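Participant: Here it is: the structure, laid out below.
In the numbering used here, the protein residues as written are 19 to 391.
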């Protein structure tokens with residue numbers, strides 16, 4: 019069984035690491051998945067070495083994407099609104115000085131410590147740490163925790179999964195809840211504040227960049243909400259609650275013992291990419307008919323939410339054609355209603371964050387405005 023998983027699912031594990039390092043939370047903690055990869059190695063040092071190198075590179079690729087996104091669109095937001103969350107110019111200058119003094123080692127240490135790994139990437143992007151310094155420190159720090167989790171899986175085998183599952187799950191809530199709740203609330207609040215300051219005619223290319231940035235932030239909020247709902251349900255005693263996003267794609271994971279199909283994870287990644295682009299589709303095809311009629315952002319949110327529900331509905335109906343009917347019943351019995359509520363909240367968070375994120379990006383980022391002729 020482990021040999022089959024090693025042949026067919028390691029690509030899926032790499033994809034899961036890249037996706038989560040991009041800032042898109044996965045329903046299953048990647049720490050746990052890395053431990054699982056260690057169990058697949060079966061004590062083979064060459065295989066462990068291969069897993070270590072490829073997982074470290076996957077972490078660097080995903081983290082670099084998050085770093086680039088934050089560096090491109092995050093700093094203007096913090097410069098203008100950071101004081102409302104205790105990130106004013108003085109705090110930013112102090113953080114920059116700390117990173118400058120600690121330098122490479124402080125970034126590597128942050129990447130090695132559970133609970134602050136993603137905050138370290140975001141801080142490097144916000145503070146515009148040079149990419150060579152960031153990526154080398156990222157690789158060094160990430161290699162530490164990847165080596166530890168691979169070793170745990172290789173030495174103790176599958177039995178270690180149950181022992182570390184709940185502590186890992188609880189720790190995830192420390193960063194999932196801010197993404198699921200805090201991110202949408204902050205973006206909506208700031209977007210409302212700057213709505214009147216939007217430029218009259220931003221360039222098309224820059225406008226599309228703002229739309230995609232808002233869509234990415236919305237997708238982060240949605241996936242964080244789904245993952246947080248799964249985590250809470252499990253902490254409350256649900257037996258292997260199934261994440262609705264995976265069920266929509268026919269990936270009904272009953273635990274890490276089930277075979278992970280790389281093709282299905284690719285479909286999950288495609289769904290996330292579609293969600294990022296959905297706000298652009300909505301902006302190009304739907305908003306031209308709404309904006310001339312004076313439709314406010316709040317009603318634009320409603321329209322995007324309905325479009326997202328329609329997308330989920332289409333994928334859900336498609337999955338019914340290929341799934342065993344009993345899997346739907348099983349999903350409902352293992353936390354389905356809770357996950358359905360989480361999906362509804364996630365759709366609202368996605369639509370709100372995407373719409374107001376676009377408004378915010380256009381209004382506060384000078385690089386998104388048309389140059390004065």
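Note that CB positions come from ideal geometry on N, CA and C, so glycine has one too. Keep in mind that this is a model prediction, so the values were computed, not measured.
For residue 89, which residues in the same chain have their Cβ closer than 7 angstroms to its Cβ, ignoring the five residues on either side in sequence?
Facilitator: By 1-based counting over the chain shown, the position of residue 89 is 71. Excluding residues within five positions, the ones whose Cβ falls inside 7 angstroms are 143, 146.
Participant: By Cβ distance, which residues of its chain are closer than 7 angstroms to residue 317, with the 5 residues on each side in sequence left out?
Facilitator: The residue you call residue 317 lines up with position 299 of the chain shown. Hits under 7 angstroms: none found.
Participant: Just to confirm, is the Cβ distance from residue 139 to residue 378 under 8 angstroms?
Facilitator: Along the chain shown, read from residue 1 onward, the residue named residue 139 stands at position 121. Along the chain shown, read from residue 1 onward, the residue named residue 378 stands at position 360. No. Outside cutoff.
Participant: At what residues does the alpha helix (DSSP H) containing residue 155 begin and finish?
Facilitator: As a position in the chain shown, residue 155 is number 137, starting the count at 1. Residue 155 -> alpha helix (DSSP H) spans 149 to 174.
Participant: What are the boundary residues of the alpha helix (DSSP H) that includes residue 140?
Facilitator: Along the chain shown, read from residue 1 onward, the residue named residue 140 stands at position 122. Residues 135 to 144.
Participant: What residues in its chain sit with their C-beta under 6 angstroms from that of residue 126, if we drop five residues either side in the sequence?
Facilitator: Counting from 1 along the chain shown, the entry for residue 126 is found at position 108. Closer than 6 angstroms at Cβ, skipping near neighbours: 155, 158, 159.
Participant: In the DSSP assignment, find the alpha helix (DSSP H) that holds residue 211 and state where it starts and stops.
Facilitator: Taking the first residue of the chain shown as position 1, residue 211 is located at position 193. Unbroken alpha helix (DSSP H) run through residue 211: 201 to 212.
Participant: With contact counted as at least three CB pairs below 8 angstroms, one residue from each stretch, are the region 220 to 234 and the region 58 to 76 in contact?
Facilitator: With the cut-off at 8 angstroms, the region 220 to 234 and the region 58 to 76 do not touch.
Participant: Buried or exposed: which applies to residue 69, given that a residue is buried once 16 or more other Cβ atoms fall within 10 Å of its Cβ?
Facilitator: Residue mapping note: residue 69 aligns to position 51 of the chain shown, counting from 1. Under this definition residue 69 is a buried residue.
Participant: Express the C-alpha separation of residue 287 and residue 265 in angstroms, rounding to a whole number.
Facilitator: Counted from its first residue, the chain shown places residue 265 at position 247. Counted from its first residue, the chain shown places residue 287 at position 269. The predicted model places residue 265 with a pLDDT of 45, which falls under 50 and marks its position as unreliable, so this point remains unresolved.
Participant: Return the chain-ordered list of same chain residues with a C-beta closer than 7 angstroms to the C-beta of residue 82, the five sequence neighbours on each side being excluded.
Facilitator: Reading the chain shown from its first residue, position 64 is the one you call residue 82. Once the five neighbours on either side are set aside, the close Cβ partners of residue 82 are 153.
Participant: Could you tell me the alpha carbon to alpha carbon distance between residue 122 and residue 304, rounded to whole angstroms?
Facilitator: Here residue 122 refers to the residue found at position 104 of the chain shown. Here residue 304 refers to the residue found at position 286 of the chain shown. Looking at the two C-alpha atoms, the distance is approximately 47 angstroms.
Participant: If you compare alpha carbons, which of 84, 64, 62, 67 is closest to residue 35?
Facilitator: Working through the chain shown from its first residue, we reach residue 35 at position 17. If we check each option's Cα against that of residue 35, 84 comes out closest.
Participant: For residue 368, count neighbouring Cβ atoms within 10 angstroms of its own Cβ and tell me buried if that reaches 16, exposed if not.
Facilitator: By 1-based counting over the chain shown, the position of residue 368 is 350. Per the 10 Å Cβ criterion, buried.
Participant: Taking the alpha-carbon of residue 322 as reference, which of 331, 333, 299, 61 has the nearest alpha-carbon?
Facilitator: The count along the chain shown starts at 1 and reaches residue 322 at position 304. Ranking the options by Cα distance to residue 322, first place goes to 299.
Participant: Less than 6 angstroms between C-beta atoms, sequence neighbours within five positions excluded: which residues of the same chain meet that for residue 41?
Facilitator: Taking the chain shown and counting its residues from 1, one reaches residue 41 at position 23. If we look at residue 41 and ignore the five residues flanking it on each side, its Cβ neighbours are 84, 238.
Participant: Since residue 296 and residue 329 should fall inside the 8 angstroms C-beta cutoff, what is the C-beta to C-beta distance between them, to a whole number of angstroms?
Facilitator: Taking the first residue of the chain shown as position 1, residue 296 is located at position 278. Taking the first residue of the chain shown as position 1, residue 329 is located at position 311. At roughly 7 angstroms, the Cβ-Cβ gap stays under 8 angstroms, so residue 296 and residue 329 are in contact.
Participant: Of all the options 55, 373, 363, which has the alpha carbon lying nearest to the alpha carbon of residue 246?
Facilitator: Position 228 of the chain shown, counting from 1, holds the residue named residue 246. Cα-wise, what sits closest to residue 246 is 363.
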